[in-house]
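Some notes on the structure that comes next.
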Amino acid sequence: MRGIVKSMPMIKKAAQFIVSKKREILLLFWVSVFCFIILETLARYLWGKQPDSYGYPPGLFLPDETKGYKYKPGFTGYFPNSPYDKIYIEINSKGLRDREHDYKKSPGVIRILGLGDSITFGAGVSFEDTYLRQLERKLAGAGFSTEIIKAGVNSYEFDQEYTYFAEEGYKYDSDVVVLGLFLNDIREITFEEVRKQKLDTENLLKDEGAGISRQDRSREKMTWKDGVVRICRVCEILRSARRNSYNLRYFQEGVMEEWTKNWPGFEKKLVGFADELEKSGAKLIIIVFPQTEQFRHSYNLTKMPQERLQKMGEEYGIEVVDLLPYLDAPNFREIYLAGDSIHFNKNGHNIISDVLYRVLVEKFFNVNNHAK
Numbered sequence: 019m020r021g022i023v024k025s026m027p028m029i030k031k032a033a034q035f036i037v038s039k040k041r042e043i044l045l046l047f048w049v050s051v052f053c054f055i056i057l058e059t060l061a062r063y064l065w066g067k068q069p070d071s072y073g074y075p076p077g078l079f080l081p082d083e084t085k086g087y088k089y090k091p092g093f094t095g096y097f098p099n100s101p102y103d104k105i106y107i108e109i110n111s112k113g114l115r116d117r118e119h120d121y122k123k124s125p126g127v128i129r130i131l132g133l134g135d136s137i138t139f140g141a142g143v144s145f146e147d148t149y150l151r152q153l154e155r156k157l158a159g160a161g162f163s164t165e166i167i168k169a170g171v172n173s174y175e176f177d178q179e180y181t182y183f184a185e186e187g188y189k190y191d192s193d194v195v196v197l198g199l200f201l202n203d204i205r206e207i208t209f210e211e212v213r214k215q216k217l218d219t220e221n222l223l224k225d226e227g228a229g230i231s232r233q234d235r236s237r238e239k240m241t242w243k244d245g246v247v248r249i250c251r252v253c254e255i256l257r258s259a260r261r262n263s264y265n266l267r268y269f270q271e272g273v274m275e276e277w278t279k280n281w282p283g284f285e286k287k288l289v290g291f292a293d294e295l296e297k298s299g300a301k302l303i304i305i306v307f308p309q310t311e312q313f314r315h316s317y318n319l320t321k322m323p324q325e326r327l328q329k330m331g332e333e334y335g336i337e338v339v340d341l342l343p344y345l346d347a348p349n350f351r352e353i354y355l356a357g358d359s360i361h362f363n364k365n366g367h368n369i370i371s372d373v374l375y376r377v378l379v380e381k382f383f384n385v386n387n388h389a390k
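Counting along the sequence shown from 1, when you hit position 129 you're at 147 in this note's numbering, and nothing is skipped either side.
Below, the structure written as structure tokens:
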């Protein structure tokens, strides 16, 4: 009580100061509000609204015991978010975004199996614009009798892609397997993670059955800070800049740590996969999708993953195609989906298909139209 009494004169002086400076404080407040409105208007005019991700439609996924999830055979739908909501998704009877293929290969046909994640699947682009489909057309146009099995599944890592091959992919008796690797594919997918992905997919199906969308679930988890950022463009830009700074530190340090700690086991898996294919008469091509942070025209960060993969390829006779030099151009953002630094638009897929076409024709096909 005595402390409160002693502090009363100070409180009184502070109140008197505020009253005496009321006009100045109000002026400062309204000037700050006016400046914020100007900044917000400029931010909305110069940066516009950040585009939504393409998203995935309800009903696309089914739970899976060994891979966590897979695509539903016979599914048809569209990417749900604008401007991608006119892009059709059709899944064949084998659970792939592709036309139908028999397991038995026709005589004289070069068969290629394409494994990968959402890039190979073609997130945000039409099926005809995916790099494997563009490659298929280019090979056919050059007179090669080819057939490409397009087995990309979003968010799969190499462990899941290999499980798919061991269970299903091998049945296509391919001459060449093109494995699309993203830098996070080095991550091991444990049984516990597969089980969690399966449970998450089961819960997703329950939500969809109850008419609850992913957006609804996202809104339930949204904090008040997320709500502010959604309506305040200046806040969104500031948070993005902070996140970008954090991501760059994580990229440089985290990627180097992962590709040091996990590399011996990952290398063993890749070499083992190549040996397994070799015994069945097939060849492995690894195409390495870079992250834009690695570009000289971006932040020029570590190239360790590509360097290690290239060295492995030279040592074990595995064809490793580093896409980084083909994609690293001053205007590289023009080959990616808007606001995306991982997934390519039609032009980006075209560049990838061109690179693969040259590698296949120069190193894997002979003049008799058969794989070496």
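Positions of the beta carbon are idealized from the N, C-alpha and C atoms, including for glycine.
DSSP, reduced to helix, strand and coil, places residue 370 within a helical segment of the structure shown. Assignment of beta-bridge partners to residue 219 by DSSP yields no partner. Burial check for residue 44: the Cβ neighbour count within 10 Å stays below 16, so the residue is exposed. Going by beta carbons, residue 70 and residue 100 fall inside the 9 angstroms limit. Residue state for residue 355 is assigned as coil, using DSSP reduced to three classes.
Here DSSP, grouped into helix, strand and coil, assigns residue 272 to helix. The secondary-structure analysis by DSSP pairs residue 143 with nothing; it has no beta-bridge partner.
The alpha-carbon separation between residue 149 and residue 267 amounts to approximately 31 angstroms. With fewer than 16 other Cβ atoms inside 10 Å of its own Cβ, residue 228 counts as exposed. In its chain, beyond the 5 residues on either side, 73, 75 have a beta carbon closer than 6 angstroms to the beta carbon of residue 98. Secondary structure of residue 377 (DSSP, three-state): helix. With respect to the C-alpha of residue 88, the residue from 362, 80, 297 having the closest C-alpha is 80. Looking only at 351, 176, 331, 166, the smallest Cα-Cα distance to residue 311 is reached by 351. The count of Cβ pairs closer than 8 angstroms, one atom from the stretch 195-211 and one from the stretch 164-182, reaches three, so the stretches are in contact.
DSSP places residue 149 in the uninterrupted alpha helix (DSSP H) bounded by 149-159. Taking C-beta separations shorter than 6 angstroms and ignoring five residues to either side along the sequence, the partners of residue 338 in its chain run 304, 327, 328, 331, following chain order.
With contacts defined by Cβ atoms closer than 9 angstroms, residue 96 and residue 105 form a contacting pair. By the Cβ neighbour-count rule, residue 298 is exposed, with fewer than 16 other Cβ atoms within 10 Å of its own. For residue 365 and residue 121, the gap between their C-alpha atoms comes out near 31 angstroms. Within the same chain, Cβ atoms closer than 6 angstroms to the Cβ of residue 86 are found at 212, 215, 216, the five residues on either side in sequence being excluded. The C-alpha of residue 358 is placed about 14 angstroms away from the C-alpha of residue 349. Taking residue 179 as the centre and dropping the five residues before and after it, the same chain places the C-beta of 133 closer than 6 angstroms to its C-beta, in chain order. Leaving aside the five residues that flank residue 197 on each side, the residues in its chain whose CB is nearer than 6 angstroms to its CB run, in chain order, 133, 304. 167 is the residue among 125, 160, 167, 78 whose C-alpha sits nearest the C-alpha of residue 116.
Residue pairing by DSSP puts residue 129 in a beta bridge opposite 165. Taking the C-beta atoms as reference points, residue 194 is found no nearer than 9 angstroms to residue 313.
DSSP lists 86 as the beta-bridge partner residues of residue 82.
In this chain, the beta strand (DSSP E) harbouring residue 307 covers 301-307. The alpha-carbon of residue 155 is positioned some 10 angstroms away from that of residue 371.
Residue burial is scored here from C-beta neighbours: residue 129 has at least 16 other C-beta atoms within 10 angstroms and is therefore classed as buried.
Per DSSP, reduced to three states, the secondary structure at residue 344 is helical. Bridge partners of residue 106 according to DSSP: 96. Going by beta carbons, residue 139 and residue 360 fall outside the 9 angstroms limit.
No Cβ-Cβ contact shorter than 9 angstroms links residue 336 with residue 300. The distance from the Cβ of residue 77 to that of residue 226 is about 6 angstroms, consistent with a contact at the 8 angstroms cut-off. Non-local C-beta neighbours of residue 113 in its own chain, meaning closer than 6 angstroms and more than five positions away in sequence, comprise 88, 89, 91, ordered along the chain.
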